[in-house]
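Chains as they are written, first to last, in my numbering: chain A, 4 to 252; chain B, 2 to 580.
The C-beta atom is built at its ideal place from N, Cα and C for all residues, glycine as well.
All figures in this text were calculated on a predicted structure; none of them were measured in a lab.
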Amino acid sequence: MEHIRILIVEDNQEQSEHLSQMLENHGFYIAGVATNFQEAVEMFHHKDFDIIIIDIFLNGRPEGISFAEFVDVQPNGLKPFIFLTSATSRDIFNRAKLTKPFAYLIKPYNELELIYAIENAIEKFYGQDNSFTAEEENTVISQEHLFIKKGKSLKKVRTDEIVYIEVEEKYCNIMTVKEKFVILISLVKILELLDSSKFYRTHRNFIINILKIEEIIPKDNLVMLEGNYKATLSGKYKDEIISKFRTLK
Amino acid sequence: MYCKSKINFFYVIFFLTSLTFSQNVSVYDKLINSIEEKTATLKKDADFQKVVTFLAASEWDSTLVYSSKILNTDTNNQKLNDYIFFFRGFSFFNKKLYNDAENALLKISNTFDFLPNTLSKLGSIALEKSDFKKALSYYLKVEELAKTQNVLVRMDRVKHNIGLCYLHLQKFPNAEKYLKESRTLHEKGKDTIQLIGCYGDLATLYYDQYKDDQAIPLFQKAYDLAKTTNDFDAKAKTTKNMAVVEENRKDYLKALQYRKEYEQWKDSVNDQNKIYAVAQEEKKTAVEKKEKEVAILKADNKVKDAQGKMYLYSAIILFVMFGVSFYFYREKVKRNKIIHQQKEDLDELNATKDKLFSIVSHDLRSSVHAIKTSNKKLISKLETEKSTEVNSLLQNNSSIVNSAYTLLDNLLNWALLQTKQTHFEITTLRLHTIVEHVAYNYKAILADKEISFKNTVAKSEFVLADSESLKIVLRNLLDNAIKFSNEGDAITIYTKNNDTEFCQLIVEDTGIGMSETTRLALLEDTSLLAKKQHENSIGTGLGMQLCKSMIKKNNGTFTIESELGKGTKIILSLPKKPT
Chain A
4 MEHIRILIVE DNQEQSEHLS QMLENHGFYI AGVATNFQEA VEMFHHKDFD IIIIDIFLNG
64 RPEGISFAEF VDVQPNGLKP FIFLTSATSR DIFNRAKLTK PFAYLIKPYN ELELIYAIEN
124 AIEKFYGQDN SFTAEEENTV ISQEHLFIKK GKSLKKVRTD EIVYIEVEEK YCNIMTVKEK
184 FVILISLVKI LELLDSSKFY RTHRNFIINI LKIEEIIPKD NLVMLEGNYK ATLSGKYKDE
244 IISKFRTLK
Chain B
2 MYCKSKINFF YVIFFLTSLT FSQNVSVYDK LINSIEEKTA TLKKDADFQK VVTFLAASEW
62 DSTLVYSSKI LNTDTNNQKL NDYIFFFRGF SFFNKKLYND AENALLKISN TFDFLPNTLS
122 KLGSIALEKS DFKKALSYYL KVEELAKTQN VLVRMDRVKH NIGLCYLHLQ KFPNAEKYLK
182 ESRTLHEKGK DTIQLIGCYG DLATLYYDQY KDDQAIPLFQ KAYDLAKTTN DFDAKAKTTK
242 NMAVVEENRK DYLKALQYRK EYEQWKDSVN DQNKIYAVAQ EEKKTAVEKK EKEVAILKAD
302 NKVKDAQGKM YLYSAIILFV MFGVSFYFYR EKVKRNKIIH QQKEDLDELN ATKDKLFSIV
362 SHDLRSSVHA IKTSNKKLIS KLETEKSTEV NSLLQNNSSI VNSAYTLLDN LLNWALLQTK
422 QTHFEITTLR LHTIVEHVAY NYKAILADKE ISFKNTVAKS EFVLADSESL KIVLRNLLDN
482 AIKFSNEGDA ITIYTKNNDT EFCQLIVEDT GIGMSETTRL ALLEDTSLLA KKQHENSIGT
542 GLGMQLCKSM IKKNNGTFTI ESELGKGTKI ILSLPKKPT
């Protein structure tokens, strides 16, 4: 599991420190802190991050909105961003709204509100509303990552690292080479959202990463996976899986 | 003068002559009847009949027009033409166009039925032209014809005229003979005027031959006869003749008398004419006057009409103006009422604001003063290094600052709400999350005051509201709940979901509660600020007012249930997310 990486655009050092502190306390990683538009653009291009928190007012001007507008027009690099503001002025809000922010965070905010805003932004960005905020689920799935809510924090797991997923009723056990953990998500949804060219069902309860297969033992109905994991191969899915490989006979 | 008087007589002569005098029907009428009888068999042409009719009616112009029409279309029938020419001659004569008349009459053939009339007419024309020889020849022909046939001509006049012609031609014996004949015929016909003329002519005849003895009695006779008539002309002429006679007899006195009488008659004639003319004039002027009056009356009527219309229009305009002004007056009254109402409202609002301002300032000053004194204590404690007391003092400061902050926050939000500057967007909200977020800030205080807190709102509960304003409301409610609760009390936030459209969010505490009057005062819409009931807490009632306004703006309702000593229940009803 990795930390969620956050880019902060905030001119007030005290406030950015406060924000950084709060985020770090909850297991987020601060990818960078920009204090003006120029810096923000610079960091946008060179830093690796998952989400941006933008203060609308930078040095007394609504530069934050300009930056959001800049982010909006990035062809491939669009990232979720959150507006941070103390002003609930209607004019500013209406202008901010045009950039389609994924969440607002209104000062003064507490930790819950901050994390909620981040969760909200990720949900909205990936079009999976109520994934974190509802009780039933705790995961948002993108092409590259699983964003998992753990307590009051968020973590992410690269989908490449997943070896297999074992479904147990409402839960899914995610197995990577290094660790295993449980997420709350329905099988239907996980199948729908995961890259179908990599992940295949081998059994009613098993989804495997086809790239992690080391050996298939049809007679034992077993698939040997990386990290000494074994997954059951049921008759229903056997042929489909085998057809993916050139078998030596 | 003498001669002139004689010539005057000639003009008395009538142009139509007749055979007999005794008959009442005039010779002229007889002639017309005869013509009608004769022409009835001649032609049944409509135009011809018209000509005859017009002739009978003495309408000369029409006669001429229609006769010329006939002449233009039909000229072959000699007999018809004779009649047409006769009619035309007749008409021309009566119009005094003697040359035309003569020309027309000369075209008539000798076989014409009314040849004597034609000749007599020609004679008259010649006489008019003073061509006595020609006239004489025509009249003699008439006389000749009269001897052989029955002619519709007044023979007395024919003879008179013959006599006259002879007289003018100085053939006195012949003149005498014919005049005498005509005299007898006149006497027979009792034609007084003609008789006077005849006497006059005879007298002139004798007078011209210097047979004064014969002439004078005749003059006298004519004069006497004229006296019996009403003919001023005849009177004047006979009198003048007498005057001339007396003058020649050198009896100037008599002559003068006659002359005077003559003048009188002449004047009478003139007068008559004058009177007639004057009467005509008067008639004319009277008519003109009348016309003028009529015109004036018409004009008057027009003016009156116009005036009437003007009055009507003015009345309408006035009425409309009155209506309009009345309408505007009412509008003005209405507006004034509204303005007055607004003024009252504004005054009230201003008073509220002033009060709010003073209370807020007072409270803030108390807070700051408390921190000031507390800080002094802190400094002294630090000097004596009593760290445990420092801690409690800092705790106290923190709570004071928190209260002041809440107050300021509410003040700001109130201002923003009043000026409608704040962003307001109703969205679907998960109530549980909102409550959690708000409550998070109070975790420390709750723990400190040892007040238990529970948020039992289900995660599936959604409402339609603006998140920021709802948070402000919840913050205030929680703040109040904590403020009015003591150690060991409990605060619970939960929902009641009985309604299909509204979700009830309840903030319940087991604190000190409030009296009914306070409760009602808090719920009152225009409520001023509640008095401070709790010495240690800063309260202006501003928070409650803010909550009510914001809930109202979120289309919700706000109610309070409370009992002194038992606790308070604040119930918010918010619209649910439509399913």
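Quiz prompt | Nearest to valine 185 of chain A (by Cα), restricted to the options A:Val191, A:Ser19, A:Ile177 | solution = Taking the first sequence and counting its residues from 1, the one referred to as residue 185 of chain A is at position 182. The shortest C-alpha separation from valine 185 of chain A is found at A:Ile177.
Quiz prompt | Sequence-distant residues of the same chain with beta carbon closer than 7 Å to glutamate 229 of chain A, five excluded per side | solution = Walking along the first sequence from the start, residue 229 of chain A turns up at place 226. Cβ neighbours of glutamate 229 of chain A beyond the five flanking positions: Val166, Val180, Lys215, Glu217.
Quiz item: Going by DSSP, what residues sit across from tyrosine 167 of chain A in a beta bridge?
Solution: For the purposes of this step, residue 167 of chain A is taken as residue 164 along the first sequence, with counting starting at 1. BP columns for tyrosine 167 of chain A point to A:Met178, A:Ile211.
Quiz item: DSSP beta-bridge partners for glutamate 140 of chain A?
Solution: Within the first sequence, the letter at position 137 stands for residue 140 of chain A. According to DSSP, which records beta bridges pairwise, glutamate 140 of chain A is partnered with nothing at all.
Quiz item: What is the C-beta distance between leucine 412 of chain B and asparagine 477 of chain B, in whole angstroms, given that I count them as a contact (C-beta under 8 Å)?
Solution: By one-based count along the second sequence, residue 412 of chain B stands at place 411. By one-based count along the second sequence, residue 477 of chain B stands at place 476. That belief does not hold up - the Cβ atoms of leucine 412 of chain B and asparagine 477 of chain B are roughly 12 Å apart, past 8 Å.
Self-check item: Beta-carbon proximity of valine 436 of chain B to valine 458 of chain B, cut-off 8 Å
Solution: Numbered from its first residue, the second sequence carries residue 436 of chain B at position 435. Numbered from its first residue, the second sequence carries residue 458 of chain B at position 457. The answer is yes: Cβ separation under 8 Å.
Quiz item: Are the beta-carbon atoms belonging to valine 275 of chain A and glutamate 72 of chain A less than 8 Å from one another?
Solution: There is no way to answer for residue 275 of chain A, as the model of chain A reaches only from 4 to 252.
Quiz prompt | Cβ-based burial, tyrosine 277 of chain B [other Cβ within 10 Å; buried from 16] | solution = Translated into positions along the second sequence, residue 277 of chain B becomes position 276. Exposed is the call here.
Quiz item: From the beta carbon of glutamine 422 of chain B, is the nearest beta carbon of chain A less than 8 Å away?
Solution: As a working note, residue 422 of chain B is residue 421 in the second sequence. By this cut-off, glutamine 422 of chain B is an interface position.
Quiz item: Taking the continuous alpha helix (DSSP H) assigned at proline 218 of chain B, which residues delimit it?
Solution: Counting from 1 along the second sequence, the entry for residue 218 of chain B is found at position 217. For proline 218 of chain B, the enclosing alpha helix (DSSP H) stretches over residues 213-229.
Exercise. Could you name the residues that DSSP lists as bridge partners for leucine 379 of chain B?
Key: On the second sequence, position 378 is the one that residue 379 of chain B refers to. Paired residue(s): none; leucine 379 of chain B is not in a bridge.
Self-check item: Where the beta strand (DSSP E) containing asparagine 113 of chain A begins and where it ends
Solution: Taking the first sequence and counting its residues from 1, one reaches residue 113 of chain A at position 110. That residue, asparagine 113 of chain A, is in no beta strand (DSSP E); it is neither H nor E in DSSP.
Quiz item: Does the beta carbon of phenylalanine 128 of chain A sit closer than 8 Å to a beta carbon anywhere in chain B?
Solution: For the purposes of this step, residue 128 of chain A is taken as the residue at position 125 of the first sequence. Taking Cβ atoms only, chain B never reaches closer than 8 Å to phenylalanine 128 of chain A, which makes this a no.
Exercise. Check the Cβ-Cβ distances between leucine 197 of chain A and every residue of chain B, and say whether any is below 8 Å.
Key: Residue 197 of chain A sits at position 194 when you count from the first residue of the first sequence. Not an interface residue.
Self-check item: Where lysine 155 of chain A falls: helix, strand or coil (DSSP)
Solution: For the purposes of this step, residue 155 of chain A is taken as the residue at position 152 of the first sequence. Three-state DSSP puts lysine 155 of chain A in coil, outside helix and strand.
Quiz prompt | Distance, valine 76 of chain A Cα to glycine 130 of chain A Cα | solution = Locating residue 130 of chain A in the first sequence gives position 127, where the first residue counts as 1. Locating residue 76 of chain A in the first sequence gives position 73, where the first residue counts as 1. Looking at the two C-alpha atoms, the distance is approximately 19 Å.
Exercise. Would you mind sorting alanine 440 of chain B into buried or exposed? The rule is 16 or more other CB atoms within 10 Å of its CB.
Key: In the second sequence, residue 440 of chain B corresponds to position 439, counting from 1. Buried, by the Cβ-count rule.
Quiz item: Which one of B:Ile318, B:Glu469, B:Asn442, B:Leu430 has the shortest CA to CA distance from glutamate 462 of chain B?
Solution: Taking the second sequence and counting its residues from 1, the one referred to as residue 462 of chain B is at position 461. Considering only alpha carbons, the answer is B:Leu430.
Quiz item: Looking at the C-beta of serine 92 of chain A, does it have a partner C-beta in chain B at a distance below 8 Å?
Solution: In the first sequence, residue 92 of chain A corresponds to position 89, counting from 1. Residue-level contact check: serine 92 of chain A touches chain B, since one or more beta carbons of chain B fall below 8 Å from its beta carbon.
Quiz item: Using 8 Å as the threshold, is the region 198-215 of chain B in touch with the region 167-180 of chain B, meaning 3 or more CB pairs across them?
Solution: yes
Quiz item: Could you give the uninterrupted runs of the alpha helix (DSSP H) lying entirely in the region 31-75 of chain B, keeping only those of 4 residues or more?
Solution: 47-57, 61-74
Quiz item: With distances taken from CA atoms, which of B:Met545, B:Glu182, B:Lys181 is nearest threonine 519 of chain B?
Solution: Residue numbering aside, residue 519 of chain B sits at position 518 when the second sequence is read from its first letter. Checking every option, the nearest Cα to that of threonine 519 of chain B belongs to B:Met545.
Practice problem: Please decide whether tyrosine 443 of chain B counts as near chain A, where near means a Cβ-Cβ distance under 8 Å. | Solution: Along the second sequence, read from residue 1 onward, the residue named residue 443 of chain B stands at position 442. No, tyrosine 443 of chain B does not count as interfacial toward chain A.
Practice problem: Output yes or no for whether 8 Å exceeds the beta carbon distance between glutamate 262 of chain B and alanine 256 of chain B. | Solution: Residue numbering aside, residue 262 of chain B sits at position 261 when the second sequence is read from its first letter. Residue numbering aside, residue 256 of chain B sits at position 255 when the second sequence is read from its first letter. No, the pair does not count as a contact, with Cβ atoms beyond the cut-off.
Exercise. Below 6 Å CB to CB, which residues in the same chain sit around lysine 127 of chain A once its five sequence neighbours on both sides are set aside?
Key: The residue labelled residue 127 of chain A in the question sits at position 124 within the first sequence. Here the set comprises Phe105.
Quiz prompt | Simplified DSSP state of valine 270 of chain B, which is helix, strand or coil | solution = Indexing the second sequence from 1 puts residue 270 of chain B at position 269. Here valine 270 of chain B sits in helix by DSSP.
Exercise. For histidine 370 of chain B, name the three-state secondary structure that DSSP assigns.
Key: Position 369 of the second sequence, counting from 1, holds the residue named residue 370 of chain B. Histidine 370 of chain B falls in the helix class under three-state DSSP.
Self-check item: Minimum Cβ-Cβ distance from glutamate 462 of chain B to chain A less than 8 Å
Solution: Here residue 462 of chain B refers to the residue found at position 461 of the second sequence. It does not; no Cβ of chain A falls within 8 Å.
Quiz item: Quick one, which of A:Gly67, A:Asn79, A:Ile33 has its alpha-carbon nearest isoleucine 95 of chain A's?
Solution: On the first sequence, position 92 is the one that residue 95 of chain A refers to. Nearest C-alpha to isoleucine 95 of chain A: A:Gly67.
Quiz item: Taking all protein chains shown into account, do 16 or more other C-beta atoms lie within 10 angstroms of the C-beta of glutamate 165 of chain B, making it buried, or fewer, making it exposed?
Solution: Counting from 1 along the second sequence, the entry for residue 165 of chain B is found at position 164. Note that residue 165 of chain B is leucine in the sequence shown, not glutamate. The residue is buried, with at least 16 neighbouring Cβ atoms inside 10 Å.
Exercise. Would you kindly work out how many angstroms separate the C-alpha atoms of leucine 72 of chain B and threonine 54 of chain B, rounded to a whole number?
Key: Counted from its first residue, the second sequence places residue 72 of chain B at position 71. Counted from its first residue, the second sequence places residue 54 of chain B at position 53. C-alpha separation (whole angstroms): 17 Å.
Practice problem: Determine, using beta carbons only, whether glutamate 172 of chain A comes closer than 8 Å to chain B. | Solution: Stepping through the first sequence from its first residue, residue 172 of chain A is reached at position 169. No, no contact with chain B.
Quiz item: When the Cβ atoms of the region 443-453 of chain B are set against those of the region 360-375 of chain B, are three or more pairs found closer than 8 Å?
Solution: no
Practice problem: Check glycine 568 of chain B in the structure and name its three-state DSSP category. | Solution: Along the second sequence, one-based indexing puts residue 568 of chain B at 567. Of the three classes helix, strand and coil, the one that applies to glycine 568 of chain B here is strand, per DSSP.
Self-check item: Helix, strand or coil at serine 563 of chain B according to DSSP, with G and I counted as helix
Solution: Taking the first residue of the second sequence as 1, we reach residue 563 of chain B at position 562. Serine 563 of chain B falls in the strand class under three-state DSSP.
Quiz prompt | Within chain B, partners of leucine 228 of chain A - CB distance below 7 Å | solution = Position 225 of the first sequence, counting from 1, holds the residue named residue 228 of chain A. What leucine 228 of chain A touches in chain B: nothing, since even the nearest Cβ is about 36 Å away.
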